[in-house]
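In numbering that gives the first Met the number 0, the protein residues as written are 0 to 256.
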Amino acid sequence: MAGNAEAMVLASFVADALALGAHWIYDTRQIDTRFGRVTGFLKPLPPTYHATKSRGDLTHYGDQTLVLLRSVSERGGFDEQHFSRCWREFFMAYSGYFDGATKQTLKNLEAGKTGAAAASTSEDLAGAARIAPLGGLVRRNVPVALHSDFPMAPAEPLFLAWTAASRETMSGKVFAPTERLTLDQAIRAITIDAAYMINMETTLGSIEAGKLADFAVLDKDPYEVGVEGLRDIKVWGTVFEGRAHPAKRSTPGSAGR
Numbered sequence: 000m001a002g003n004a005e006a007m008v009l010a011s012f013v014a015d016a017l018a019l020g021a022h023w024i025y026d027t028r029q030i031d032t033r034f035g036r037v038t039g040f041l042k043p044l045p046p047t048y049h050a051t052k053s054r055g056d057l058t059h060y061g062d063q064t065l066v067l068l069r070s071v072s073e074r075g076g077f078d079e080q081h082f083s084r085c086w087r088e089f090f091m092a093y094s095g096y097f098d099g100a101t102k103q104t105l106k107n108l109e110a111g112k113t114g115a116a117a118a119s120t121s122e123d124l125a126g127a128a129r130i131a132p133l134g135g136l137v138r139r140n141v142p143v144a145l146h147s148d149f150p151m152a153p154a155e156p157l158f159l160a161w162t163a164a165s166r167e168t169m170s171g172k173v174f175a176p177t178e179r180l181t182l183d184q185a186i187r188a189i190t191i192d193a194a195y196m197i198n199m200e201t202t203l204g205s206i207e208a209g210k211l212a213d214f215a216v217l218d219k220d221p222y223e224v225g226v227e228g229l230r231d232i233k234v235w236g237t238v239f240e241g242r243a244h245p246a247k248r249s250t251p252g253s254a255g256r
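Here's what the structure looks like:
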């Protein structure tokens, strides 16, 4: 396990350095044109936020991760006060890029704030805000579907629908709210639009005359409980080939209709 952890840490630093040349370029066609397949370390090309960096250097993310690693090594574990002090000292002489969240946190520390109170209030999650831009796809009339890669993750379509419609993080913040689906769009993404993705929308995905009588029976109406209640809906059972089959026990929302 220790060997795997060490390899993971080293690989993360290598990946960060490999990303330096094309950092913050999200257009894959532009990356193909300017860099091709990135198989080695590259010097950032202008215009860039990393003008002081050279080939093989870490980005400002990698630099800060290295500060964290050294702090953990020195203290034998994570020590918030020690890391905060090391992080602040690091930026006192740093010549690399300072993002807005870093500037605000440094200002808060200078004002005497500590711990979580010193953290930036920025909700700009940069790359994370571009994860699963479903709202933008739907606005461009692109059908979307939700899946869990089961068995690598639980098969819980209603939870996925809640996630897509709320885009709420574990901390309760909402990232990229413009990419949220409406309740109806989220339900479609686990029913009729999901069936469309596998070219079975004429036989599955909605309850209509002429389609297979195979669907889930829920204990609550998603349109009554709304987005917030989606993740708490339980599956009463299923109907398969027209026959009802109650679940042996009450299960979380683990099936589409």
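All C-beta atoms in this analysis are idealised placements derived from N, C-alpha and C, irrespective of residue type, glycine included.
Per DSSP, Trp161 is one residue of the alpha helix (DSSP H) stretching across Pro156 to Ser165. The Cβ-Cβ distance between His59 and Thr101 falls below 9 angstroms. Leu68 and Glu155 have their C-alpha atoms roughly 36 angstroms apart. About 16 angstroms separates the CB atoms of Ile232 and Pro245; that is not less than 8 angstroms, and the two are not in contact. Beta-carbon to beta-carbon, Leu108 and Arg74 are separated by about 19 angstroms, too far to satisfy the 8 angstroms threshold. In the three-state reduction of the DSSP assignment, Thr64 falls in the helix class. When Arg230, Gly209, Phe40 and Ala14 are compared, the shortest CA-CA separation from Pro153 is found for Arg230. Here Gly55 has Ala16 and Phe40 as same chain residues with Cβ atoms under 7 angstroms from its own Cβ, once five neighbours each way along the sequence are excluded. According to DSSP, residue pairing for Thr237 in a beta bridge involves Ala215 and His244. Judged by DSSP in its simplified three-state form, Val37 adopts coil rather than helix or strand. For Gly134 against Thr177, the beta-carbon gap comes to about 6 angstroms, under 8 angstroms, which counts as contact. In this structure, the straight-line span from the alpha carbon of Ser83 to that of Gly225 is close to 41 angstroms. Checking the DSSP bridge columns, you'll see Val173 partnered with Glu167.
The DSSP-derived three-state label of Trp86 is helix. Taking 9 angstroms as the cut-off, the Cβ atoms of Leu44 and Arg33 count as close.
Contact check for Asp78 and Ser70: beta-carbon distance about 7 angstroms, within the 8 angstroms limit, so the pair qualifies. Looking at the backbone, the Cα of Gln80 and that of Gly114 are separated by about 8 angstroms. Residue range Pro221 to Gly228 is occupied by the alpha helix (DSSP H) that includes Val226. The C-beta of Leu157 has 16 or more other C-beta atoms within 10 Å across all chains shown, which makes the residue buried.
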